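Just so you know, the numbering used here puts 649 at position 195 of the sequence shown, and the rest follows in order with no gaps.
Everything below concerns the one structure shown next.
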Amino acid sequence: MANSSQTLYKLDELIHYITHYDELTGLPNRDLFCDRLNQTRSQNDSPLVAVLVLGIDDFTGIRHSLEPEICDLLIRAVSQRVVQCMDRSDVLARLGDGELAIARSELPSLESVVKLSQLLLSTLTKPFSINGNPIHITASLGITLNHLENTNSVEKLLQQADFALHQAKQQGRSHYQFYSPEMNVQLQERLALENSLRGALERNELLVYYQPLIDLHGGRVTATEALVRWQHSTEGLVSPAKFIPIAEANGEIVPIGEWILRTACAQNRRWQLAGLPALRISVNLSARQLEQTNLVEMVRQILAETELEAAYLELEVTESALMNDIDRSVKTLTQLRELGVSLALDDFGTGYSSLNYLQRFPVNMLKIDRSFVQDVLSNPNSATITDAIIALAKSLGLTITAEGIETKEQLDYLQARGCDEGQGFYFSRPANADTITKLLKDSLQSDAASIALATHF
Ligand code: C2E
Ligand code: MG
Ligand code: MG
């Protein structure tokens, strides 16, 4: 009897441990962190607390450059260093992969928090030695200093600190950033947008625009890229740069992405049935969609449903999306290629641009990021990178497309370097299907042999 109650007691302890602590570091998890902070309210009605969220810079890159066991040891070593910087009454938790949260509820003066932040950032800059290998990292911090008013407050403070961390990371590495009331406005805007995005698809508020891609050797339109827009009831047309990251974070990108793919494939088929020369339709895939287990099946089904030949579908992915799980990405891309669709690496030059990985990903095309094309004539670095990407693509037998061509001079430069395809406001802005249909028909009439955008060639 004593034995079984001891066992039960141990089991109870074990369950408590598993549900409240992080297995890798032995630190409290998010739930326990919230509980502990909430306890401070029993001593004081609305205590002032500082919440710091610490994020290892470029953690995804680090994860992929290290063996998993080494990465785990690194996370442990980081948490141990953080512990050494803390006061005894501070609370520490592991929130996720490369993120820790620290709370100071006893005397959290601005000065003490700044000192703690500086100490944390400088401590983590010193090299780590993991199994004898030196590893260099940096971290950034988002901080909020506020009153805990009710049980929801801890989550709110974590949200504020997380938002400030996001801003800190935008300033580069090893920065800390305090949350400010102005950020509150941005945070509220984001939350409001997130709320109204729920159901946007059902309310028919999403639409797909199309932008032509031009063959720079001959001047024909070879493809159109599908670019989603959100017709918001009060905000007007919302850019995908604003709402796609939100849809990614809350998972809504899955039904939205499927709808975009179906709409774009159906439109492309409609153009073919209207007698226009057959073009590729290029559709952007987000990181979350790449992780969908039924992605390949969904693509196959949509092609069958819309009666579009796979050769006329191209999917665009970014390197950073592929890097989340390289082996899985290679497998998914290979299966997509086996369906007969082509694959483009979007925004090339802004991510890892690693030749090693590039050779493993079965893509057909690289798209040079707009930021390089934009100042290819004024910034020698951009010109060097553009030339190098074109040479790289050619050596790997990949088609090379330049995004964001806005001027004749940029076009001349890219043509002279042998760039294959181009896309940008110089040819056409993204526009709704009716406008693009007219543009395709007009260019067909202006040149019987091709659908060149005659005005520019
Ligand atoms: P992206 O896939 O790299 O698309 C190119 C972006 O560059 C588009 O912005 C396009 O309007 C813009 N652009 C094209 N030519 C020019 C130019 O000459 N000058 C300038 N200044 N901009 C040009 P957009 O439509 O705002 O889309 C932004 C990003 O949002 C896209 O970048 C893509 O990453 C994402 N996105 C758009 N539609 C979708 C979608 O259907 N699904 C997913 N997952 N992401 C999408
Ligand atoms: Mg794209
Ligand atoms: Mg792009």
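Quick reminder that beta carbons are idealized off the backbone N, C-alpha and C, glycines included.
Fair warning: this is a prediction, and the values are worked out from it, not measured in the lab.
Output the distance between the C-alpha atoms of residue i and residue j, rounded to the nearest integer angstrom.
i, j, result
"T879", "E857", "First, the residue type needs correcting, since residue 879 is Phe and not Thr in the sequence shown. Computed Cα separation, rounded: 9 Å."
"F911", "A622", "Here F911 scores only 46 on pLDDT, less than 50, and its place in the model is too uncertain to base an answer on."
"A695", "L651", "14 Å"
"I589", "L554", "19 Å"
"K464", "L478", "20 Å"
"G586", "A720", "57 Å"
"L893", "I707", "30 Å"
"Y920", "P482", "No information on residue 920 is available, as it lies outside the stretch 455 to 911 that the chain covers here."
"Q625", "L573", "19 Å"
"P922", "T494", "No statement about residue 922 is possible, as the shown extent of the chain runs from 455 to 911 and does not include it."
"G552", "D499", "33 Å"
"S849", "V817", "14 Å"
"N778", "G794", "24 Å"
"I859", "T678", "15 Å"
"S559", "R490", "10 Å"
"L898", "L730", "8 Å"
"D896", "I698", "33 Å"
"P834", "D541", "50 Å"
"K862", "E773", "29 Å"
"D801", "Y471", "44 Å"
"Y811", "F826", "21 Å"
"S543", "L561", "10 Å"
"V682", "S882", "16 Å"
"L570", "S576", "10 Å"
"Q746", "G672", "38 Å"
"Q631", "E523", "31 Å"
Identify, in the order they occur along the chain, each residue of the same chain with its Cβ nearer than 6 Å to the Cβ of residue i, setting aside the five sequence neighbours on each side.
i, result
"E467", "none"
"R627", "D511 and T592"
"E768", "R734, S736, S796 and A798"
"T598", "V505, L611, Q614, A615 and Y633"
"I854", "L820, I844, A847, C873 and D874"
Of the choices the options, whose alpha-carbon is the least far from that of residue i?
i, options, result
"L595", "V608, D616 and N604", "D616"
"V771", "L799, V750, M752 and V795", "L799"
"F815", "D781, T804 and S832", "D781"
"P739", "I710, T479, G480 and L733", "Reading off the sequence shown, one finds Leu at residue 739, where the question assumed Pro. It is I710."
"Q568", "R490, L611, C539 and T804", "A small fix is needed here, since residue 568 is Val in this sequence, not Gln. The shortest C-alpha separation from V568 is found at C539."
"T688", "A765, A654 and D476", "A654"
"T676", "E875, M752 and P884", "E875"
"S634", "L647, H620 and A646", "H620"
"L564", "A504, L809 and H470", "A504"
"L647", "T678, N704, G673 and A847", "N704"
"P918", "N492, T514, R542 and S808", "Absent from the model: residue 918. The displayed extent of the chain is 455 to 911, so no value can be given."
"T804", "L790, T840, K785 and S796", "T840"
"L715", "D888, E603, T788 and E751", "E751"
"L831", "M819, L865, L730 and L809", "L865"
"L727", "I556, T891 and R530", "T891"
"E609", "E643, L809, V507 and S783", "V507"
"A741", "L787, S576, E863 and L667", "L787"
"I529", "E763, I584, S607 and R657", "I584"
"E643", "I700, Q685, L809 and E603", "I700"
"R657", "L757, N638, H686 and L645", "H686"
With a threshold of 8 Å on Cβ separation, who are the neighbours of residue i within its own chain once the five nearest residues in sequence on each side are excluded?
i, result
"C525", "I516 and R517"
"L641", "Q613, Q614 and F617"
"H713", "Per the sequence presented here, residue 713 reads as Trp, with His not at that position. Once the five neighbours on either side are set aside, the close Cβ partners of W713 are L655 and L660."
"L486", "H474, Y475 and A547"
"R871", "T840, D841 and I844"
Which residues in the same chain as residue i place their Cβ atom closer than 7 Å to its Cβ, once the five residues preceding and following it in sequence are excluded?
i, result
"A718", "V662, A680, I735 and V737"
"L427", "The requested residue 427 does not occur in the structure, where the chain is confined to residues 455 to 911."
"L670", "L868, Q869, C873, D874, E875 and G876"
"R484", "A547 and L549"
"R754", "L793"
"Q743", "I707, V708, G711 and L749"
"F513", "D551 and G552"
Would you decide whether residue i is buried or exposed? Buried here means 16 or more other CB atoms lie within 10 Å of its CB.
i, result
"H601", "exposed"
"S693", "exposed"
"K821", "buried"
"N722", "buried"
"Q665", "buried"
"N886", "exposed"
"H629", "buried"
"D823", "buried"
"Q813", "exposed"
"G509", "buried"
"R674", "buried"
"L691", "exposed"
"A775", "buried"
Exercise. Note down, one range per segment and in chain order, each beta strand (DSSP E) of at least 3 residues found wholly within the segment 807-853.
Key: 819-822
Practice problem: Report the residue ranges of all alpha helix (DSSP H) runs contained in full by the segment 694-761; include only those spanning at least 4 residues, in chain order. | Solution: 694-704, 707-727, 741-744 and 749-760
Self-check item: Length at least 3, wholly inside the segment 494-526: the beta strand (DSSP E) runs in chain order
Solution: 502-510
Practice problem: Could you pull out every unbroken alpha helix (DSSP H) segment of at least 4 residues lying fully inside the segment 560-635, listed in chain order? | Solution: 564-579 and 607-624
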